[in-house]
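So the structure is just underneath, and the comments pick up after that.
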Amino acid sequence: MKSLCVYCGSRSGDDPRFAAEARRIGQEAAKRGWRIVYGGGKLGLMGVTAGAARDAGGKVFGIIPDFLVDLEGVLDGVDHTIVKTMHERKMMMFEESDAILTLPGGIGTLEELIETLSWARLALHRKPIIVLNLDGFWTPLKSLFEHIVERDFAAPELLTDLSFVDRAEDVFPLLAKRTLEEVI
Numbered sequence: 270m271k272s273l274c275v276y277c278g279s280r281s282g283d284d285p286r287f288a289a290e291a292r293r294i295g296q297e298a299a300k301r302g303w304r305i306v307y308g309g310g311k312l313g314l315m316g317v318t319a320g321a322a323r324d325a326g327g328k329v330f331g332i333i334p335d336f337l338v339d340l341e342g343v344l345d346g347v348d349h350t351i352v353k354t355m356h357e358r359k360m361m362m363f364e365e366s367d368a369i370l371t372l373p374g375g376i377g378t379l380e381e382l383i384e385t386l387s388w389a390r391l392a393l394h395r396k397p398i399i400v401l402n403l404d405g406f407w408t409p410l411k412s413l414f415e416h417i418v419e420r421d422f423a424a425p426e427l428l429t430d431l432s433f434v435d436r437a438e439d440v441f442p443l444l445a446k447r448t449l450e451e452v453i
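Its first residue numbered 270, the sequence shown is counted upward by one per residue in this note's numbering.
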């Protein structure tokens with residue numbers, strides 16, 4: 270079974286389409302036999318994605334630091350583990366996954382994506398990293414990455430270490446292609 274680490278917000282954002290597409294990701298992951306690995310909370314897009322996968326019969330593994338359990342709660346009916354620190358959470362999420370998907374989210378989501386991308390740039394992994402750019406949410410970040418390359422603070426490969434897609438339905442075909450490329 271493949272495992273997909275999903276980085277996303279503990280809030281739902283200002284557009285109901287964010288939650289609708291997060292739900293679609295969870296359902297599609299379950300349908301295709303991908304386990305969802307996520308930050309363990311039951312709030313926001315995290316809860317929507319994990320709950321949709323669970324409700325569709327999929328496997329879900331949440332990882333949450335003990336200090337967030339009371340703040341965010343844990344989702345019923347999914348496997349989860351409680352760790353001490355955010356660092357442990359991020360490392361375990363990464364280690365338990367075969368690919369990374371980033372949905373809209375806040376500063377924590379951004380930090381998770383940047384760290385994973387940094388590890389790719391350091392050749393510490395070759396896991397596919399996909400950014401779901403719903404309604405152009407991550408377009409400013411993509412522009413920043415291009416700016417960093419243009420100003421010669423990163424190699425052009427920074428722009429190929431991750432893929433931006435605009436629609437939820439493009440995520441799993443791209444994952445299938447990318448994971449196949451890793452085998453070849």
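Even glycine gets a Cβ: it sits at the ideal position worked out from N, Cα and C.
What number of angstroms, rounded off, separates the C-alpha of LEU312 from the C-alpha of ALA319? 10 Å
Does DSSP put TRP388 in a helix, a strand or coil? helix
How far does the alpha helix (DSSP H) with ASP339 in it reach, from first residue to last? 335 to 341
With which residues is HIS349 paired in a DSSP beta bridge? GLY331
Taking all protein chains shown into account, do 16 or more other C-beta atoms lie within 10 angstroms of the C-beta of ARG304, making it buried, or fewer, making it exposed? buried
Whole angstroms are fine: how far does the CA of LEU431 sit from the CA of ALA389? 9 Å
Considering only the alpha carbon of each residue, which of ARG447, ARG395, CYS274, SER279 lies closest to LEU340? SER279
Can you name, in chain order, every residue of its own chain whose Cβ lies under 8 Å from the Cβ of ARG293, other than the five neighbours on each side? ALA321, ALA437, GLU438
Leaving out the 5 sequence neighbours to the left and right, which residues in its chain are closer than 7 Å to ASP284 when beta-carbon positions are compared? ASP404
Look at the alpha carbon of SER412 and the alpha carbon of VAL418, and state the distance between them as a whole number of angstroms. 10 Å
Decide if GLY375 is buried, meaning its Cβ has at least 16 other Cβ atoms within 10 Å, or exposed. exposed
Would you call PHE287 buried or exposed, if buried means 16 or more other Cβ atoms sit within 10 Å of its Cβ? buried
For ILE453 and PHE336, I'd like the C-alpha separation in whole angstroms. Bear in mind that the predicted position of ILE453 carries a pLDDT of just 38, short of 50, making it too unreliable to give a figure here.
Beta-carbon proximity check, GLY327 vs ALA299, cutoff 8 Å: yes
For ALA325, which three-state DSSP category applies? coil
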